[in-house]
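What follows is a set of notes on a single structure, which appears directly below.
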Amino acid sequence: MRLFFFGDYDLMTKMYGICSCNARYCCLHCTASRQRMATPRDEREQSPARTLQTIMDDFQKYEADGSRRSRAKDVSHSIVAKPFLEIDTDHVVLPSLHISLGNFKQMYELEEHCHKLDYTLFKLRVTHADNDDDEEDPTNFDKRVTEEYTKRLTQAKQGLL
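Numbering-wise, the working numbering comes out as the position in the sequence shown, counting from 1, plus 217.
The following block contains the structure:
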């Protein structure tokens, strides 16, 4: 019989004995540190896989070191408890609902930024139409729109990173 496990990430880390979702080595599937995960994938080497056996081995290291939680990140790749169930990590189903909700949230925020940009550009056009002088440089409006667009686009990108 093959067993599979699924749940949100907080539950998975508790079931497999990982300190917490924000531990230095929080990934259930590899031993990459959070700092290493922040590095783009193509700029880092592949991290060793985390299996049920490596979790058990790391737990033994944790116990041999005196079960000091503050040292778990240095001794046992953030493993502080024995896995509750003996289901290997390749039988863990990723929390697809949470992953898709994160993606949809980012798309929604991008759409919100775009809407605000559209509204600002509309106000600029109205202001420009009201203050239309023959002596004014005709490219000034385009320059203002371009500057505002660039500024808002940069803000939107920073919000998504």
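Note that beta-carbon positions come from the ideal geometry of N, C-alpha and C, so glycine has one too. As the structure is a computational prediction, the values presented were derived from the model and not from experiment.
Work out the CA separation of LYS333 and LEU327 for me, nearest whole Å.
Looking at the two C-alpha atoms, the distance is approximately 10 Å.
Pick helix, strand or coil for ILE304, following the three-state DSSP scheme.
It is coil, neither helix nor strand.
Stretch pair the segment 313–332 + the segment 231–241: three plus CB contacts closer than 8 Å:
With a cut-off of 8 Å on Cβ pairs, the segment 313–332 is not in contact with the segment 231–241, counting fewer than three such pairs.
Taking the alpha-carbon positions, what's the LEU302 to ILE272 distance?
Rounded to whole angstroms, LEU302 to ILE272 spans 12 Å at the Cα level.
Give me the residue from ARG219, GLY224, HIS294 with the minimum Cα distance to ALA249.
Minimum Cα distance to ALA249 is reached at HIS294.
Coarse secondary structure for PHE221, derived from DSSP in three states:
DSSP places PHE221 in coil when its eight states are reduced to three.
Can you find the residues in the same chain that come closer than 8 Å, C-beta to C-beta, to ASP282, ignoring five residues on each side of it along the sequence?
Closer than 8 Å at the Cβ level, and outside the excluded window around ASP282, lie ARG288, VAL292, SER293.
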